[in-house]
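Residue numbers (my numbering), protein chains in the order written: chain A, 7 to 118; chain B, 153 to 266.
Structure below.
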């Protein structure tokens, strides 16, 4: 069935290093992908999105890569900071459907 | 401007009680979504409104779950005869239009059923 999942439940990164969070999705018909950040006690916060007709999109310190051939999505965070500590979810909005399908999440730990 | 707000932030209910969770979306937002987030999991879709119309309720886990948005703004998610498996964070999100515009999430209501 439709699902979006992540390869690792936790990721520890040294402060200042780059972080890469990976995601595999199964619905090849999905048109739109989003990365969310969720801090403790808060709702998910939009980070960056990408449409299926793109393979890369950059934001401020973040880059999303989409590989439709292997149905893989990744989030790269440059110069990771303590404030980046959170759970990160990849998510998809299937074609012609508004609801968001979330993966299980990766917890990012920043080491001092 | 104000974001999406939800109340109460925390709710403890005894098994069998009914609960009502409120969502105040961003003013003017047409679309409103409810999600359920179990501990350690990603949010899962429950139901979707466009204005006052409930267009999709395919994610509601049972007929004990009921949502409404009578005037196209505030929404209430009601759970009747709560059970322990209903314990979760209930998230509300709103967006300004249909399609794939950004959904803004509230802080959620943490429901614990004892």
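All C-beta atoms, glycine included, are put in the ideal place defined by N, C-alpha and C.
The structure presented is a predicted model; accordingly, all values stated were derived computationally and were not measured.
Per DSSP, the continuous beta strand (DSSP E) segment holding residue 231(B) begins and ends at 227-231. Just so you know, the alpha carbons of residue 181(B) and residue 167(B) end up roughly 34 Å apart. Secondary structure at residue 193(B): coil, using DSSP grouped into helix, strand and coil. Under the DSSP assignment, residue 62(A) falls in the beta strand (DSSP E) whose first and last residues are 62-64.
Taking C-beta atoms as the reference points, residue 234(B) and residue 164(B) fail to come closer than 8 Å. For the region 30-55 of chain A, the set of residues with a beta-carbon nearer than 9 Å to any beta-carbon of chain B comprises 37, 38, 40, 42, 44, 47, 48, 49, 50, 51, 52 and 55, in chain order.
Straight-line measurement puts the Cα of residue 86(A) at about 25 Å from the Cα of residue 60(A). Going by C-alpha positions, residue 244(B) is about 25 Å away from residue 70(A). Within chain A, the residues 49 and 50 have their CB atoms less than 8 Å from the CB of residue 243(B), given in chain order. For residue 255(B), the chain A residues whose Cβ falls inside 7 Å of its Cβ are 106, in order along the chain. Beta-bridge partners assigned by DSSP to residue 67(A): none are found. Annotation for residue 212(B): no beta strand (DSSP E) segment contains it, and DSSP assigns it neither H nor E. Per the coordinates, the alpha-carbon of residue 46(A) lies some 32 Å from the alpha-carbon of residue 205(B). By the 16-neighbour rule on beta-carbons within 10 angstroms, residue 266(B) is exposed. Proximity of the region 63-78 of chain A to the region 23-42 of chain A meets the contact definition, three or more beta-carbon pairs being nearer than 8 Å. The beta carbon of residue 215(B) sits closer than 8 Å to none of the beta carbons in its chain outside the five residues before and after it.
Under a criterion of Cβ atoms nearer than 9 Å, the residues of chain B adjacent to residue 109(A) are, in order, 194. Take residue 195(B), set aside five residues on each side of it, and the residues of its chain with a beta-carbon closer than 6 Å to its own are 187, 189 and 243, in chain order.
For secondary structure counted as the beta strand (DSSP E) over 3 or more consecutive residues, the region 35-64 of chain A holds these complete runs in sequence order: 38-44, 51-57 and 62-64. Within the same chain, 185, 207 and 208 come within 6 Å of residue 200(B) by CB-CB distance, once the 5 residues on both sides are set aside. By the criterion of a C-beta distance shorter than 7 Å, residue 52(A) is surrounded in its chain by 40 and 42, once the five residues flanking it on both sides are discounted. If you draw a straight line from the Cα of residue 117(A) to the Cα of residue 259(B), it is about 27 Å long.
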